[in-house]
DNA sequence: CGATGCTCTGAGAGCGCTCTCTCGCGGAGT
DNA sequence: ACTCCGCGAGAGAGCGCTCTCAGAGCATCG
């Protein structure tokens with residue numbers, strides 16, 4: 001587009017070249033390129049023009065070498081399962097991360113952990129100073145990742161409250177999570193306000209803190225809930241269906257269900273309809289997540305607890321940036337952030 | 350685990366330190382770290398031990414500064430749509446890329462294009478020499494990406510045959526694709542061999558080369574195919590269902606369907622069953638992709654054309670590495686690779 | 001026994017950038 | 001008019017690594 005005087009092929013112009021062209025010193029060019037503070041306007045203009053004309057782009061490696069800043073953040077995917085990416089939840093979070101990182105002029109380096117034996121490589125990479133920090137997701141309780149990260153002393157932020165033993169006590173990594181417990185409480189209270197009296201819960205996997213927090217929220221409201229009203233799922237549609245069938249068998253009189261996520265809610269919904277139960281007339285149903293792809297497909301439309309997933313991703317980045325920018329490494333690490341949830345009323349409850 | 354003498358906190362050991370400890374020069378340590386060719390065994394051992402003891406990890410930026418090699422490759426995601434990652438096809442390909450990149454000691458930098466206005470940033474990043482090369486996916490015909498990549502002169506490999514105007518003629522980027530046309534031919538021939546005589550096709554989006562190649566393959570075999578036997582879809586389940594309904598209306602006598610992908614095949618299957626048609630007795634059905642999540646769920650199990658998606662991802666990386674490692678930039682760019690497909694016979698045809 | 005050739009090691013010059021330190025210059029204070 | 005202060009610009013020293021080049025050491029050969 002711009003008529004750029006094609007420079008010597010293969011060799012990009014350096015700071016030096018720009019300085020020569022603008023008739024100033026390297027230092028001045030550097031100052032201008034990095035914001036231009038403390039340089040008089042006419043000089044700034046002259047340098048800017050030279051940069052433009054030469055098509056100068058700073059050499060990242062050289063800059064990193066002296067500043068010790070990479071402008072890159074690792075996103076660590078430690079899920080051993082296959083369908084990580086397929087998880088819309090995950091996609092949204094990564095999207096938020098990507099966007100916020102861009103806003104901070106940082107790059108996203110994807111680190112895909114290929115099983116436990118791979119931590120060696122990850123650790124070497126993280127330790128090699130390739131990235132300024134790391135973003136990881138709440139992993140299963142026995143995952144080595146947190147200790148690996150701690151060992152290499154790389155600033156990190158987690159997505160989701162970590163659940164490893166003693167996580168609450170020790171000064172662990174900051175994390176971003178939504179108010180799972182509060183959201184669950186709100187869902188159950190809503191069901192109560194509808195006059196429902198036998199409210200069941202389809203719980204998520206026992207080793208994920210989000211699921212634990214949601215069941216805790218349920219119990220907060222329903223202090224004397226019958227254990228028979230709680231069924232175990234694993235966040236998949238199928239498990240939701242199974243759990244619903246189980247609940248119906250145990251407590252055919254139930255009049256409401258709070259599922260720990262939308263996927264399980266949709267599974268439950270299917271079973272409910274197969275049994276000829278009307279939603280919400282006979283059984284009111286509330287999910288969790290407000291996952292667009294699920295919510296759009298259910299009939300009746302699913303009432304659920306919304307969490308701002310993309311926003312959580314962005315927040316993770318902001319938290320990490322705050323850690324990176326604080327002068328004193330020890331001084332007051334930023335705390336974790338719990339984002340609010342919001343009950344979205346639709347037709348199912 | 351290993352009793353490492355905690356070095357001064359915050360300061361990693363440098364080559365210099367290792368050299369001092371081993372009693373050799375920096376140059377020798379460098380040689381050992383980079384493979385140790387041309388260094389006598391006793392010295393190699395001594396250096397290795399010093400590296401071990403100090404926990405030395407080479408500084409990437411310093412190395413990049415002199416070698417002009419980054420050890421990083423950009424994966425560009427230019428899909429404007431939301432459900433990129435959710436696409437299992439995509440996930441598998443990225444997985445393959447990630448694995449192969451790891452094998453080449455390279456990192457995966459994710460570049461997510463946020464709409465057309467974002468190409469400026471992408472271009473700046475690519476041009477800034479942050480990465481050694483780029484991997485991109487076959488984009489829509491009017492996408493700017495190829496020209497952006499060409500402008501910044503970054504080695505790149507595409508996934509999927511590019512379809513922009515004149516792509517075949519000009520010396521474009523190498524690409525990796527499966528033999529869509531051949532696979533389609535095989536599918537149709539299989540249907541013929543089953544004695545089917547009125548074989549319909551549910552086509553994919555007109556602006557994607559994979560869909561075009563598949564319909565071409567269908568026509569290769571069925572030279573005189575009635576246009577009424579072809580219905581248009583867009584690779585989604587829903588579109589497959591719609592297309593099937595349409596076909597059934599136009600040609601109630603059809604006895605076989607070749608869908609351009611598994612997703613559409615599963616949509617078609619649903620409609621077929623709703624209409625009380627038996628598969629494969631009344632209508633034989635063949636898909637394309639052999640997508641595990643779809644194939645596992647269909648009843649009867651779907652006969653389909655398998656393509657090795659992860660393998661294609663790996664191939665993209667290998668191709669790129671070959672481009673990067675050739676001394677003469679102009680000399681014989683490696684050609685594209687077409688991977689074979691394989692008909693997987695199951696119950697549906 | 002010295003010359004020749006080979007292999008292995010070390011010295012040192014950068015790679016492109018940032019950043020501190022110093023110096024020059026102009027305006028305000030006395 | 002002279003000093004003092006402060007701001008803006010330049011000089012130069014690295015950041016940690018690679019790689020060329022020259023030299024040291026050794027074996028072989030004439």
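Chains as they are written, first to last, in the working numbering: chain W, 1 to 349; chain F, 350 to 698. Note that the Cβ used here is the ideal one computed from N, Cα and C, for glycine as well.
In the displayed model, residue 691 of chain F falls within a strand according to three-state DSSP. Contacts with chain W (Cβ-Cβ distance below 9 Å) from the segment 382-413 of chain F involve 404, 406, 407, 408, 409, 410, 411, 412 and 413, listed in chain order. Apart from the 5 residues on each side of it in sequence, residue 639 of chain F sits with its Cβ closer than 6 Å to the Cβ of 653, 655 and 693 in its chain, given in chain order.
At a cut-off of 8 Å, the C-beta of residue 647 of chain F has no neighbouring C-beta in chain W. From the listed residues F:572, F:542, F:526 and F:548, the smallest Cα separation to residue 558 of chain F is found for F:526. In the displayed model, residue 632 of chain F falls within coil according to three-state DSSP, outside both helix and strand. With a cutoff of 8 Å on beta-carbon distance, residue 427 of chain F and residue 480 of chain F are scored as not near each other.
In this chain, the beta strand (DSSP E) harbouring residue 507 of chain F covers 505-508. Cβ neighbours of residue 663 of chain F within its own chain (closer than 8 Å, five residues either side excluded): 445, 446, 448 and 449.
Boundaries around residue 133 of chain W are those of the beta strand (DSSP E), 133-137, since no alpha helix (DSSP H) includes it.
In the three-state scheme derived from DSSP, where H, G and I count as helix and E and B as strand, residue 584 of chain F is classed as coil. In this structure, the beta-carbon distance from residue 643 of chain F to residue 697 of chain F does not fall below 8 Å. CA-CA distance, residue 459 of chain F to residue 548 of chain F, rounds to 42 Å. Here residue 468 of chain F is not bridged, per DSSP, to any residue. Going by beta carbons, residue 400 of chain F and residue 367 of chain F fall inside the 8 Å limit.
Here residue 135 of chain W is not near residue 321 of chain W, since their CB atoms are 8 Å or more apart. Per DSSP, the unbroken beta strand (DSSP E) holding residue 654 of chain F starts and ends at 652-655. In the same chain as residue 379 of chain F, and ignoring 5 residues on each side of it, the C-beta atoms closer than 7 Å to its own belong to 364, in chain order. One thing to note: residue 687 of chain F has its Cβ within 8 Å of the Cβ of residue 528 of chain F.
Within 10 angstroms of the beta-carbon of residue 456 of chain F lie 16 or more other beta-carbons, which makes it buried. Within the segment 438-456 of chain F, those residues whose Cβ lies closer than 8 Å to any Cβ of chain W are, in chain order, 439, 440, 443, 444, 447, 448, 451 and 456.
Judged by DSSP in its simplified three-state form, residue 41 of chain W adopts helix. Residue-level contact check: residue 191 of chain W does not touch chain F, since none of the beta carbons of chain F fall below 8 Å from its beta carbon. Proximity to residue 138 of chain W across W:89, W:127, W:225 and W:121 peaks at W:89, based on C-alpha coordinates. Judged by DSSP secondary structure, residue 218 of chain W falls outside any beta strand (DSSP E) and instead within the alpha helix (DSSP H) spanning 209-221. A Cβ-Cβ contact shorter than 8 Å links residue 157 of chain W with residue 319 of chain W.
Here the C-alpha atom of residue 58 of chain W lies approximately 28 Å from the C-alpha atom of residue 375 of chain F. Residue contact check for residue 121 of chain W against chain F: a CB pair falls below 8 Å. Taking the CA atoms as reference points, residue 172 of chain W sits about 12 Å from residue 145 of chain W. For residue 367 of chain F, no Cβ of chain W is located within less than 8 Å of the residue's own Cβ. Within the same chain, and ignoring the five residues on either side of residue 636 of chain F in sequence, the residues whose Cβ sits closer than 6 Å to its Cβ are 608, 611, 614, 651 and 653. DSSP places residue 61 of chain W in the uninterrupted alpha helix (DSSP H) bounded by 60-67. Nearest C-alpha to residue 268 of chain W among W:296, W:233 and W:217: W:233.
For residue 479 of chain F, there is no enclosing beta strand (DSSP E), as DSSP gives it neither H nor E. Using a 10 angstroms sphere on the CB of residue 415 of chain F, the tally of other CB atoms stays under 16, which defines it as exposed. Taking a Cβ-Cβ cut-off of 8 Å, the neighbours of residue 128 of chain W in chain F comprise 406, 407, 408 and 409, given in sequence order.
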